[in-house]
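> Numbering (the working numbering), first residue to last: 70 to 440.
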Amino acid sequence: MSIPSQSCFLYYLMHRFSKCKLSVCKEPPSSAPNPRALPLCSQVFLKGLVEANAQYKYASGKGSATLNIDLPKQDRKIKGTGDLAVTGSSHVASVDLYWDADKDSKKSLHFETNSDITKNSLDSKNTLVILQQKTTLNVKGTLKGKLIDGHLVGQADLTIPKGRQLTVKVDRTLHLSRGSVELDGKFELVAKENAASSGNLLSLETKVKAEEANQLLDSLVKLSLKTSKGKDLSASVVVKNTPQREQRLLEASAVVESSYFKTLTAEASAEVSRSHITYKGHAAQGPETALDVSGRLDRGHDGKVLVRVDNKFALAFGLDNTVQIKLPLENLKSLKLTTSVNVDADNNNAVVSEVKGLLSADCVRCSRTAE
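Right, here's the structure in full:
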């Protein structure tokens with residue numbers, strides 16, 4: 070709103086309500102002995118509608134504030150107070166607000182905080198009470214080094230009305246620089262119905278080491294869940310990329326364990342070179358069910374799978390692959406599929422392809438091989 074429009078609005082209010090008063094305490098002159106110690110205040114008066122005043126003062130690390138609002142038409146009075154004290158790294162503050170002060174003191178809000186804040190640490194205790202319902206939040210943490218190159222430890226405890234509790238813990242070491250990352254972190258989340266209950270626990274652990282120049286990757290992620298009823302679930306995943314002279318080794322594995330079902334495991338690896346890739350994989354659930362895959366992929370021409378033939382692109386590769394499945398069935402115990410594929414381009418730019426396959430089954434009542 071521009072100044073002319075504000076003036077018109079104030080003139081309208083003064084004319085409409087016959088008596089209007091708006092005032093703001095003037096700032097103390099710079100020649101005052103202690104200008105910051107003098108109060109700041111404001112007053113608003115609209116006859117029959119609202120009468121309000123507010124005051125704030127701060128000096129030598131201590132401050133206080135008051136607020137009073139009278140609403141005659143609503144027959145309601147609002148009152149508020151606040152205090153602040155700062156001593157070194159200590160910060161203490163409180164606020165009280167009553168939105169029906171003369172009739173019902175329960176209609177109130179109370180907030181208080183007691184915090185110790187330094188460059189590398191935080192210890193804060195906070196309480197919020199609304200309509201006599203109490204919530205507390207306590208936070209504590211330290212940092213050694215920098216946020217992206219240091220060790221961070223922290224914990225937060227939240228208690229909401231009716232006693233439910235939530236606790237978060239963090240323990241993380243991070244070294245982040247151009248072209249490399251090294252991370253070792255642990256995260257815990259505990260939810261309780263009350264202070265006496267065992268609660269549900271969720272934890273996450275992460276370890277990562279990566280170097281862009283060497284194409285090195287070594288990572289681990291673990292996730293676990295434990296319930297207050299004794300049930301659990303955990304999963305871990307490992308991924309690695311390791312350079313080896315003229316080739317590199319890719320590895321991945323995963324394990325899922327739970328009280329709800331049988332353990333699941335999976336692992337895979339591949340040796341990658343310019344001319345070929347050899348690979349193998351294994352997955353299982355318990356001793357009865359398993360899947361195994363192995364094979365070799367030969368890259369067609371000079372390490373290229375896609376080549377240009379007579380101004381057109383064509384595939385050029387050789388693949389030998391074996392898949393074996395173990396089943397928990399009486400009549401069918403296992404299946405095995407072996408395939409061989411060869412696609413190439415000869416000197417006359419003609420595409421030559423060859424596909425072979427062999428399927429075998431291990432059953433109680435049959436013995437059959439298909440080619």
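Note that CB positions come from ideal geometry on N, CA and C, so glycine has one too. Here the structure is a predicted model, which is why all the values come from computation and not from measurement.
Is it the case that the Cβ atoms of L319 and S338 are separated by a distance below 8 Å?
As a working mapping, residue 319 is identified with position 250 in the sequence shown. As a working mapping, residue 338 is identified with position 269 in the sequence shown. Against a cut-off of 8 Å, the Cβ pair of S338 and L319 comes out as a contact.
> By DSSP, does P230 sit in helix, in strand, or in coil?
Here residue 230 is taken as the residue at index 161 of the sequence shown, counted from 1. In this structure, P230 counts as helix in the three-state DSSP scheme.
> Please list, in chain order, all residues of the same chain as V198 whose beta carbon is under 6 Å from its beta carbon, the five residues on each side excluded.
Working through the sequence shown from its first residue, we reach residue 198 at position 129. H179.
> Decide if G355 is buried, meaning its Cβ has at least 16 other Cβ atoms within 10 Å, or exposed.
Translated into positions along the sequence shown, residue 355 becomes position 286. Under this definition G355 is an exposed residue.
> Could you spell out the range, first to last residue, of the beta strand (DSSP E) harbouring H346?
As a first step, residue 346 must be located in the sequence shown, where it is residue number 277. Going by the sequence as given, residue 346 is Ile instead of His. Taken as a continuous stretch (DSSP letters only), the beta strand (DSSP E) holding I346 covers H345 to Q354.
> Using alpha carbons as the reference points, say which of T150, T156 and K231 lies closest to A128.
In the sequence shown, counting from the first residue as 1, residue 128 sits at position 59. For A128, the nearest C-alpha among the options comes from T156.
> Which residue marks the beginning of the beta strand (DSSP E) containing R365, and which one marks its end?
Within the sequence shown, numbered from 1, the residue matching residue 365 stands at position 296. Segment T358 to R368, the beta strand (DSSP E) holding R365.
> Can you have a look at T228 and say buried or exposed, based on whether 16 or more other CB atoms are within 10 angstroms of its CB?
Mapped onto the sequence shown, residue 228 falls at position 159. T228 comes out buried.
> Measuring only the C-alpha atoms, how far is K405 from F386?
Working through the sequence shown from its first residue, we reach residue 405 at position 336. Working through the sequence shown from its first residue, we reach residue 386 at position 317. The straight-line gap from Cα to Cα measures roughly 23 Å.
> Residues in the same chain with beta-carbon distance under 8 Å from A419, minus the five sequence neighbours each way, listed in chain order, please.
One-based indexing of the sequence shown puts residue 419 at position 350. Bear in mind that the predicted position of A419 carries a pLDDT of just 45, short of 50, making it unreliable; the figure below should be weighed with that in mind. Result list for A419: empty, nothing under 8 Å.
> With respect to the beta strand (DSSP E) encompassing A282, which residues constitute its N-terminal and C-terminal limits?
Working through the sequence shown from its first residue, we reach residue 282 at position 213. No beta strand (DSSP E) holds A282; DSSP gives it neither H nor E.
> If we require 3 or more residues per run, which beta strand (DSSP E) segments fall completely within the segment 185-250?
List check, beta strand (DSSP E) in window: 190-199, 202-215, 218-228 and 234-246.
> Between which residues of its own chain and D185 is the CB-CB distance below 6 Å, once the five residues before and five after are set aside?
Counted from its first residue, the sequence shown places residue 185 at position 116. Once the five neighbours on either side are set aside, the close Cβ partners of D185 are S158, S159 and D192.
> Less than 8 Å separating the beta-carbons of L31 and L360?
The shown model of the chain, from 70 to 440, leaves out residue 31, and the question about it has no answer.
> Could you compute how far the alpha carbon of D253 sits from the alpha carbon of E274?
Your numbering for residue 253 matches position 184 in the sequence shown. Your numbering for residue 274 matches position 205 in the sequence shown. So the alpha carbons of these two residues sit roughly 8 Å apart.
> Using only the alpha-carbon positions, how far apart do I138 and L153 sit?
On the sequence shown, residue 138 is found 69 positions in, with the first residue counted as 1. On the sequence shown, residue 153 is found 84 positions in, with the first residue counted as 1. For I138 and L153, the distance between alpha carbons rounds to 22 Å.
> Going by DSSP, which residues form a beta bridge with D152?
Taking the first residue of the sequence shown as position 1, residue 152 is located at position 83. For D152, which the question treats as bridged, DSSP gives the partners S133 and S163.
> Since Q143 is in the beta strand (DSSP E), which residue starts that stretch and which ends it?
Position 74 of the sequence shown, counting from 1, holds the residue named residue 143. Neither: Q143 is in no beta strand (DSSP E) and is coded neither H nor E.
> Select from K402, V392 and S342 the residue whose C-alpha is nearest the C-alpha of N363.
Along the sequence shown, read from residue 1 onward, the residue named residue 363 stands at position 294. In the sequence under discussion, the amino acid at residue 363 is Ser, which differs from the Asn named in the question. The candidate whose alpha carbon is nearest that of S363 is V392.
> Going straight from the alpha carbon of V239 to that of D218, what length do you get?
Stepping through the sequence shown from its first residue, residue 239 is reached at position 170. Stepping through the sequence shown from its first residue, residue 218 is reached at position 149. Cα to Cα, V239 sits roughly 16 Å from D218.
> Once the 5 residues before and after S174 are set aside, which same chain residues still bring their CB inside 7 Å of it?
Residue 174 sits at position 105 when you count from the first residue of the sequence shown. Excluding sequence neighbours, S174 sits near Y167.
> What are the start and end residues of the beta strand (DSSP E) that includes R317?
Looking up residue 317 in the sequence shown gives position 248. Note, R317: beta strand (DSSP E), Q316 to S327.
> Skipping 5 residues on each side, what residues in its chain have a beta carbon closer than 6 Å to that of S327?
Within the sequence shown, numbered from 1, the residue matching residue 327 stands at position 258. Excluding sequence neighbours, S327 sits near L302.
> Could you spell out where the beta strand (DSSP E) holding E120 opens and where it closes?
In the sequence shown, the residue the question calls residue 120 occupies position 51. Start and end: V119 to A128.
> In whole angstroms, give me the CA-to-CA distance for A43 and S177.
As displayed, the chain neither begins before 70 nor continues past 440, which places residue 43 out of reach and without an answer.
> For L245, does the count of other Cβ atoms within 10 angstroms reach 16, so buried, or fall short, so exposed?
As a position in the sequence shown, residue 245 is number 176, starting the count at 1. With fewer than 16 Cβ atoms within 10 Å of its Cβ, L245 is classed as exposed.
> Looking at Q284 and R317, is the spacing between their C-beta atoms short of 8 Å?
Residue numbering aside, residue 317 sits at position 248 when the sequence shown is read from its first letter. Residue numbering aside, residue 284 sits at position 215 when the sequence shown is read from its first letter. Cβ distance < 8 Å, so R317 and Q284 count as in contact.
> Return the bridge partner residues of T296 from the DSSP annotation.
The residue given as residue 296 occupies position 227 in the sequence shown. T296 is not bridged to any residue.
> What residues match up with L398 in a beta bridge as DSSP calls it?
Along the sequence shown, one-based indexing puts residue 398 at 329. None, per the DSSP bridge assignment.
> Could you tell me if L136 is buried or exposed, where buried requires 16 or more neighbouring beta carbons within 10 angstroms of its beta carbon?
Position 67 of the sequence shown holds residue 136. L136 comes out buried.
> Beta-carbon within less than 6 Å of K441's beta-carbon, same chain only, minus the 5 sequence neighbours each way: which residues are those?
Because the chain is modelled from 70 through 440, residue 441 falls outside the range shown and cannot be assessed.
> Report the three-state DSSP secondary structure of T332 (helix, strand or coil).
Reading the sequence shown from its first residue, position 263 is the one you call residue 332. Coil, per DSSP.
> Measuring only the C-alpha atoms, how far is G117 from A260?
As a position in the sequence shown, residue 117 is number 48, starting the count at 1. As a position in the sequence shown, residue 260 is number 191, starting the count at 1. Distance between the alpha carbons of G117 and A260: 51 Å.
> Alpha carbon to alpha carbon, how far is A170 from D144?
Position 101 of the sequence shown, counting from 1, holds the residue named residue 170. Position 75 of the sequence shown, counting from 1, holds the residue named residue 144. Roughly 11 Å separates the two Cα atoms.
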